[in-house]
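Number of protein chains: 4
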Amino acid sequence: MADDYQSPRPIYMQIVDKIMLQVARNELKPGQKLPSVREMAIESGVNPNTVQRTYGELERMQIVETKRGQGTFITKNKEIVEEMRKKLQFEVVDQFISKMKELGMTEAEMIDQLHYYMKEREGE
Amino acid sequence: MADDYQSPRPIYMQIVDKIMLQVARNELKPGQKLPSVREMAIESGVNPNTVQRTYGELERMQIVETKRGQGTFITKNKEIVEEMRKKLQFEVVDQFISKMKELGMTEAEMIDQLHYYMKEREGE
Amino acid sequence: MADDYQSPRPIYMQIVDKIMLQVARNELKPGQKLPSVREMAIESGVNPNTVQRTYGELERMQIVETKRGQGTFITKNKEIVEEMRKKLQFEVVDQFISKMKELGMTEAEMIDQLHYYMKEREGE
Amino acid sequence: MADDYQSPRPIYMQIVDKIMLQVARNELKPGQKLPSVREMAIESGVNPNTVQRTYGELERMQIVETKRGQGTFITKNKEIVEEMRKKLQFEVVDQFISKMKELGMTEAEMIDQLHYYMKEREGE
DNA sequence: GTGGTCTAGACCACA
DNA sequence: GTGGTCTAGACCACG
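Chains as they are written, first to last, in the working numbering: chain P, 1 to 124; chain U, 1 to 124; chain D, 1 to 124; chain Y, 1 to 124.
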């Protein structure tokens, strides 16, 4: 459903990405309950194993907490959420700068390119 | 050598990336001969099969031409090289914009972030 | 099995040809699962690597899609299948016309030859 | 020059093809002298080894005779030339019929296709 | 179970 | 010497 079997990115990580994004945008709020593994599997048209792995990964990152017998919840720890948000941003910007530098571009050129392609996207 | 065995990106694609970058920066010039499969294998510390795959991939992209018994050469077709260069740039910028938008940022904020992290990197 | 080790055409391409033909003749239908790499390897009496290459090639041609952990499937995109069918036909006819013209033959003569050799083959 | 380093067909066979065609069309006449290996190599922009192999192949087919110290000549044996001409034709037609049959086409359909693509080529 | 990558080592035709 | 193909066998992440 929201997953791409072709992409080189593993499906379970695609779902991780999606959830992290929803958290970062506050669409999923601290303390909110996530769908059960089975529900999410059906929703996403994916094997329950895959969702299990997604939740495991999110738990490792402390973005999510599993309460036995109750389900899986977004952490209430706002520091962690904030940290994650910053890390997401940082990674995007950092990767952009690194790659543009590899291509031999200066900061001014990066901004030029940015303007140029933003215009091309207008109306989206 | 220049490859990372941990990266999820396959080694043969890492070498593809490296060569494409060298072409984009004109460090590898149109018509120039690449090291033979065996030489490159030793240089890169990988199996010749892996390099073979790299060269095959580059040939599919028309960045490289192979002449039987003579070796593998950067294409002399400058249009293809230019197109590739643009595509590389576009992908980087496009991905940046998409991800930043997903994070809910405006163009002004993107440029802010860019400035901010560029300063942090000063001296590199 | 269905491959010819003497032919100048690589084995993996012979298998590609065979599958494309089966698709063109609708013996392999859109969405249908192909044998796993290992199964096909045994069926065809070749190394799994060789089949892997075959499937990779077919995927590049978009005739086949691979879903992680599930297997390899004929594309459901009927346009691509139809396009492939036409391309196969075109290539055969085009090559025939080109070569016959090189031999200095007119259209009438081509048809004559066609009739003549078709009769010779009767009963096949 | 007249050779294609990209084609899967070996260069020496591409030259063989070219010469056979010239003989079939009587552009090269029985008894006529071919250029020396060195001349032909320069003409064709190819390694002399490659031309050597070409002449060897043509000699094996008895289309050409080498007279020591004099050079290489098209055979005067018109039967062989005629046989070759027929064989060339046969192979083209035979391959066409085989492949069209593999695609599941009847004789009528073959002729249809032939007409169709001949029209498309008009003006060439 | 699936496909994907990699190594090691071999053989081949071609230039 | 060059690239191209193939086998055998291994390991991996993924579903």
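Where is the CB? At the ideal position from N, CA and C, for every residue including glycine.
Since we're looking at a predicted model, the values are computed, not measured.
Buried versus exposed call for residue i [16 or more other C-beta atoms within 10 Å across all chains shown]
| i | result |
| --- | --- |
| residue 9(D) | exposed |
| residue 99(D) | buried |
| residue 54(D) | buried |
| residue 50(U) | buried |
| residue 14(D) | buried |
Endpoints, the beta strand (DSSP E) within which residue i is located
| i | result |
| --- | --- |
| residue 65(Y) | 64–67 |
| residue 31(P) | Neither: residue 31(P) is in no beta strand (DSSP E) and is coded neither H nor E. |
| residue 72(P) | 71–74 |
Identity of the residue in the options nearest residue i by Cα
| i | options | result |
| --- | --- | --- |
| residue 113(Y) | 112(D), 89(D), 119(D) and 117(D) | 89(D) |
| residue 80(P) | 24(P), 117(P) and 103(P) | 24(P) |
| residue 120(U) | 47(P), 97(P) and 12(P) | 97(P) |
| residue 108(P) | 107(U), 103(U) and 115(U) | 115(U) |
| residue 16(Y) | 68(Y), 61(Y), 83(Y) and 86(Y) | 61(Y) |
| residue 117(P) | 86(U), 7(U), 68(U) and 104(U) | 86(U) |
| residue 6(Y) | 67(U), 12(U) and 46(U) | 67(U) |
| residue 4(Y) | 21(Y), 69(Y) and 46(Y) | 46(Y) |
| residue 105(P) | 21(U), 11(U) and 12(U) | 21(U) |
| residue 11(Y) | 69(U), 26(U), 11(U) and 12(U) | 69(U) |
Close beta carbons around residue i, own chain, < 8 Å, minus the five adjacent residues each side
| i | result |
| --- | --- |
| residue 34(D) | 19, 28, 40, 55, 64, 71, 72, 73 and 74 |
| residue 110(Y) | 96, 97 and 100 |
| residue 26(P) | none |
| residue 122(U) | none |
Sequence-distant residues of its chain with Cβ nearer than 7 Å to residue i (five each side left out)
| i | result |
| --- | --- |
| residue 2(D) | Its pLDDT being 45, under 50, residue 2(D) is placed unreliably by the model, and the measurement read from it follows with that caveat. Hits under 7 Å: 18 and 44. |
| residue 48(Y) | 37, 38 and 41 |
| residue 58(D) | 16, 19 and 64 |
| residue 83(U) | none |
| residue 52(D) | 37 |
| residue 103(Y) | none |
Sequence-distant residues of the same chain with beta carbon closer than 6 Å to residue i, five excluded per side
| i | result |
| --- | --- |
| residue 93(P) | none |
| residue 91(D) | none |
Start-to-end residues for the alpha helix (DSSP H) that takes in residue i
| i | result |
| --- | --- |
| residue 56(U) | 48–60 |
| residue 109(P) | 107–121 |
| residue 21(U) | 11–24 |
| residue 98(D) | 78–102 |
- Stretch-stretch touch, CB-based, cutoff 8 Å, three pairs: the region 19–32 of chain Y with the region 68–80 of chain Y: yes
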